[in-house]
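**Student:** Okay, here's the structure, questions in a sec.
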Amino acid sequence: MWLGITASAWVQLALYMCVLTALAVPLGGYMARVFSGERTVLTAIFGPVERLIHRLCCVNLAEEMTWKTYAIAVILFSLTGFVLLFGLLVGQGALPLNPQHLPGLTPDLAFNTAVSFITNTNWQSYGGETTLSYFSQMVGLTVQNFVSAAVGMAVLVALIRGLTRHSTDRLGNFWTDLVRANLYILLPLSLIVAVALGGLGVIQTFDSYATARTLEGSDQVIALGPVASQEAIKMLGTNGGGFFNTNSAHPFENPTPFSNLIEMVSILLIPAALCFTFGKMVGDRRQGVAIFAAMTLVFVPFAVAAIGFEQAGNPHLVAAGADPTTAQAGGNMEGKETRFGIVNSAIWAAATTAASNGSVNAMHDSFTPLGGLVPMLLMKFGEVIYGGAGSGLYGMLVFVILTVFIAGLMVGRTPEYLGKKIGGYEIKMASIAVLLPCALVLGATALAVVTPLGKAGIFNPGAQGFSEVLYAFTSAANNNGSAFAGLSANTPFYNTLLALCMLFGRFFVLLPVLAIAGSLAAKKAVPVSAGTLPTHTPLFVAILIGVILLIGVLTYAPALALGPVIEHLNMIKG
């Protein structure tokens, strides 16, 4: 053991990172060719489909958009998706593919769910198998899983064009970027993963729920459904919304350790690969490698910490005379599946919150206090450690812009990034993108813990209950979607407040990013000089990591001190 972590844990974490990196590099190059409009191995198949879609939708490929037009297109598309999904959920009882005859959702739950899925958050205040029909799951949620991920990727590509173009106000065409992200990237990858998961035991059926006779002689209803198709895009699109209430802890969603590995890799695959897409599209692969290195150097220590805290177990068991190492995998097995054990549960918890995925294969609320602090902190960094599909990298580039500005002030150099001077406008927009989610989390948490409606949903007293509320709003405002549980969130108060946090957390980051893209695209290119700060060096990577950690910790320090840290101290004291 090293740092209290078993050798097996180190091997599993190393294997995960090696597989992820090996797949991300070629995928990143492929996505760069897709978004650059170059020919790919799938052009012969999807090229005619793409042209047909553009023709039917009256999209002119030669017509590019300003950042404001691009932003309007994003908002109108998302608004349309919200209206359609809200109507579908409310009217679910009258729609087909509903073998259990489930009724429509209440307006507040439908509002929360529709907002959740159009923002790529996938927060769930409901149990999937007891609330949604097959039609709602497939036509409603799965469709949004695809298009909400594609929106994030399209906005990233617009920002990359802003960095690479000069003396122009054009950032490309949103509709073209949206179609290409779905046709050439999300659909093929989802097909591969869905077939692989189906072969490993993830179910895919339209049959009604099965009834089984238990050993006690009673009947048990077993929920079924078209799961594999939703599971694939749930992971690849950094969506995270589970078909079943227990998400990927359910054996029908995640039956074996091998399916678990596939799903864990899928969580970070596109966000990690987009770093290499970025490097190729800006014409300097070192820039993409530097950002990937910064993400990895933050992620791995946090994953190690989660594993270590969970393998250390609960000191109360030791005090009571129990030996926690005799449990399967040793340490804290509460809330974890025996087929995955502590290591794969802890890696998943770190990966799903480093990305804005939010899926779970173990209950985060059952982690040790400091083990649970790991996913909470990773979300508080703004979902930029890999982050969501597209949204993670454009969030990271916002931090890069802030880092360039801060480092330039420190050493007396003109703030520049990729040949573009960083001015006051970019810093203002970047500050909005970074600080608004923090304000949403702290403000909504404060409102929930001081109002009667908010306190009515808190089942656990003290630091644990506060942590559950803080985690919920951190998850919503940062578009993650995971939960600590123990919080009765399916009420008009929480459904509405969480939905507002999801909306503002998505669009008041996305819009400043597009504004930055438009501002940078209009600027002239600045040649590299002796005063230019290199942004691909280990020194810059270290400064970037420092800025992310500093902003993340300082903005949330008061709230963090009141939650998991106090809980950890109470656990030690007994």
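Note that numbering that gives the first Met the number 0 has the sequence shown beginning at 0, numbered continuously upward.
By construction, the Cβ of each residue, glycine as well, lies at the ideal position given by its N, Cα and C atoms.
Whole alpha helix (DSSP H) runs in the segment 290–348 with 4 or more residues, listed along the chain?
**Tutor:** 314–318
**Student:** Residues bridged to residue 415 by DSSP?
**Tutor:** The partner list for residue 415 (beta bridge, DSSP) reads 420.
**Student:** Could you tell me the distance, in whole angstroms, from the CA atom of residue 280 to the CA atom of residue 534?
**Tutor:** 16 Å
**Student:** Quick one: grab the DSSP three-state call for residue 361.
**Tutor:** strand
**Student:** Helix or strand or just coil, what does DSSP make of residue 225?
**Tutor:** strand
**Student:** Count the CB pairs spanning the segment 116–132 and the segment 349–367 that are closer than 8 Å, and state whether there are at least three.
**Tutor:** Verdict: yes, contact present.
**Student:** Grouping DSSP H, G and I as helix and E and B as strand, with all else coil, what is residue 203?
**Tutor:** Three-state DSSP puts residue 203 in a strand.
**Student:** Just to confirm before moving on: does the CB-CB distance between residue 15 and residue 264 stay below 9 Å?
**Tutor:** A contact, by the Cβ cut-off of 9 Å.
**Student:** Given this structure, state the Cα-to-Cα distance separating residue 10 from residue 246, to the nearest angstrom.
**Tutor:** Going from the Cα of residue 10 to the Cα of residue 246 covers about 26 Å.
**Student:** Three-state secondary structure (DSSP) at residue 284?
**Tutor:** helix
**Student:** Take residue 287 and list the residues in its own chain whose beta-carbon comes closer than 8 Å to its own, dropping the five residues that flank it on each side.
**Tutor:** 27, 274, 275, 276, 277, 278, 279 and 281
**Student:** Is residue 379 buried or exposed, if buried means 16 or more other CB atoms sit within 10 Å of its CB?
**Tutor:** It is buried - the Cβ of residue 379 has at least 16 other Cβ atoms within 10 Å.
**Student:** Cβ of residue 23 within 9 Å of Cβ of residue 298?
**Tutor:** no
**Student:** Alpha carbon to alpha carbon, how far is residue 162 from residue 30?
**Tutor:** Approximately 18 Å between the Cα atoms of the pair.
**Student:** Should residue 91 and residue 106 be called a contact, given that it needs their Cβ atoms to be closer than 9 Å?
**Tutor:** no
**Student:** Whole-angstrom Cβ separation of residue 443 and residue 369, contact assumed at under 8 Å?
**Tutor:** The C-beta separation of residue 443 from residue 369 comes to about 24 Å, leaving the pair out of contact by the 8 Å criterion.
**Student:** Indicate whether residue 132 and residue 97 have their beta-carbon atoms separated by less than 9 Å.
**Tutor:** yes
**Student:** Report the partner residues of residue 486 according to the DSSP bridge assignment.
**Tutor:** 457
**Student:** Is there contact between the segment 142–159 and the segment 36–50, where contact requires at least three CB pairs shorter than 8 Å?
**Tutor:** no
**Student:** Assign residue 4 to one of two classes, buried (16 or more other C-beta atoms within 10 Å of its C-beta) or exposed (fewer than that).
**Tutor:** Counting the other Cβ atoms within 10 Å of the Cβ of residue 4 gives 16 or more, which makes it buried.
**Student:** Going by DSSP in three states, residue 4 sits in which element: helix, strand or coil?
**Tutor:** Note: residue 4 maps to strand in three-state DSSP.
**Student:** Any idea which residues DSSP pairs residue 210 with across the strands?
**Tutor:** 220
**Student:** Could you tell me whether the segment 399–416 touches the segment 169–179, where touching means 3 or more Cβ pairs closer than 8 Å?
**Tutor:** A contact is defined here as three or more CB-CB pairs under 8 Å, and the segment 399–416 fails this definition with respect to the segment 169–179.
**Student:** Please determine, among 67, 453, 401 and 520, the residue with the shortest C-alpha to C-alpha distance to residue 580.
**Tutor:** Only positions 0 to 573 of the chain appear in the structure, and residue 580 is not among them; the question remains open.
**Student:** Starting from the C-beta of residue 512, find all residues in its chain whose C-beta is less than 7 Å away, skip the five residues before and the five after it, and write them out in chain order.
**Tutor:** 154, 158, 393, 397 and 432, listed in sequence order.
**Student:** Give the DSSP-derived three-state secondary structure of residue 476 in the structure shown.
**Tutor:** If DSSP states are grouped into helix, strand and coil, residue 476 belongs with the helices.
**Student:** Whole-angstrom Cβ separation of residue 389 and residue 383, contact assumed at under 8 Å?
**Tutor:** That pair is no contact at about 12 Å.
**Student:** I'd like the span of the alpha helix (DSSP H) that includes residue 54, first residue to last.
**Tutor:** 42–55
**Student:** Start and end of the alpha helix (DSSP H) containing residue 109?
**Tutor:** 106–117
**Student:** If we call anything under 9 Å between Cβ atoms a contact, is residue 307 one with residue 331?
**Tutor:** no
**Student:** Just checking my contact of residue 494 with residue 110 at CB under 8 Å: how many whole Å lie between their CB atoms?
**Tutor:** 7 Å
**Student:** Does the distance from the CB of residue 241 to the CB of residue 252 come in under 9 Å?
**Tutor:** Contact: yes.
**Student:** Can you have a look at residue 221 and say buried or exposed, based on whether 16 or more other CB atoms are within 10 angstroms of its CB?
**Tutor:** So residue 221 counts as exposed.
**Student:** By Cβ distance, which residues of its chain are closer than 7 Å to residue 248, with the 5 residues on each side in sequence left out?
**Tutor:** Counting only Cβ-Cβ distances below 7 Å, and skipping sequence neighbours, we find 336, 359, 360 and 361.
**Student:** Could you spell out the range, first to last residue, of the alpha helix (DSSP H) harbouring residue 379?
**Tutor:** 368–379
**Student:** Rounded C-beta distance between residue 188 and residue 49? I'm assuming under 8 Å.
**Tutor:** Contact doesn't hold; Cβ gap of about 17 Å is too wide.
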